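Sequential numbering from 20 applies to the sequence shown in the working numbering.
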Amino acid sequence: MPLHALRDVSLRVSRGESVAIVGRSGAGKSTLLNLVGALDRGYQGSLRVFGQELRALPDRALSRFRNRQIGFVFQSFNLLPNLSVGHNVLLPASFGVDLPHEALVERARTLLSEFGLGDRWGQKPAQMSGGERQRVAIARALLLQPPLLVCDEPTGSLDGETAAHILDTLRGIQRAQDTALVIVTHDPDVAAACDRTVRLDRGRVAVPAEAA
């Protein structure tokens, strides 16, 4: 018997809009995020990102689409331990991106400075705290200025003051770039900072939209 992590979910997110996905553990939040972030194609129905039906893309084309169109902030950071902070942030540019290297390095340094890590370029992730690694992961996701940013608990490893600062910076960049932002969070302050809140309950949308 098939196991359905999500059922009858209908969700539309517009450019420039921020949406918080909330719910209890096991509600389907991470599954939904993986689908929206093009990390999983095990679904029935339609899933379109900027008009592109993701299931229709071959694997190589999907990888290119995901790299250029979607920035993903993982809860577990997923930084490469053998690379420096700077080269972790530059990693998305390693996959066929036709942009000047100097401009990418400048943007990476700017992002790290905005997140308070301007002096950490040459350090390795193991030399940093969990909160610092989370900020590196956010900077990496923003490097190519993707029109969709997908975040799994982006402030989960941060103290309250740092979380508020990072969220303000993230929302400022999102508004400036007219980026669609989808955040899974357990933090009511993060949800309140978003334009809408979508609550999941046992794989279904319990509250389609709440004003922030």
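Ideal Cβ positions, reconstructed from N, Cα and C, are used throughout, including at glycine.
The structure displayed is predicted, hence computed values, not measured ones.
Residue i vs residue j beta-carbon contact at 8 angstroms
{"i": "S176", "j": "G135", "result": "no"}
{"i": "G222", "j": "A46", "result": "yes"}
{"i": "S37", "j": "D214", "result": "yes"}
{"i": "I185", "j": "R159", "result": "no"}
{"i": "P166", "j": "A212", "result": "no"}
{"i": "A112", "j": "L163", "result": "yes"}
{"i": "L123", "j": "L110", "result": "no"}
{"i": "V28", "j": "V224", "result": "yes"}
{"i": "L189", "j": "I157", "result": "yes"}
{"i": "D171", "j": "Q94", "result": "yes"}
{"i": "R60", "j": "L52", "result": "no"}
Sequence-distant residues of its chain with Cβ nearer than 7 angstroms to residue i (five each side left out)
{"i": "R85", "result": "A57"}
{"i": "G42", "result": "K48, R218, L219, D220"}
{"i": "A210", "result": "A39, V41, T204, T216"}
Exposure of residue i, with buried meaning 16 or more beta-carbon neighbours within 10 Å
{"i": "F91", "result": "buried"}
{"i": "A195", "result": "exposed"}
{"i": "N107", "result": "buried"}
{"i": "A231", "result": "Low confidence applies here, because A231 scores a pLDDT of 37, under 50, leaving its location unreliable; read the following figure in that light. That one is exposed."}
{"i": "R139", "result": "buried"}
{"i": "P144", "result": "buried"}
is_contact[residue i, chain D] using C-beta, thresh 8 angstroms
{"i": "N101", "result": "Judged by its chain identifiers, the structure shown contains no chain D, having just a single protein chain."}
Spell out a yes or no on whether the segment 119-129 and the segment 60-73 are touching, meaning 3 or more CB-CB pairs, one atom from each, closer than 8 angstroms.
-> no
Fully enclosed by the segment 125-184, which beta strand (DSSP E) runs are 3 residues long or longer?
-> 167-171
Runs of beta strand (DSSP E) lying entirely within the segment 187-230, each at least 3 residues, in chain order | 199-203, 215-220, 223-230
Entirely enclosed beta strand (DSSP E) segments - the segment 21-71, minimum 3 residues | 37-41
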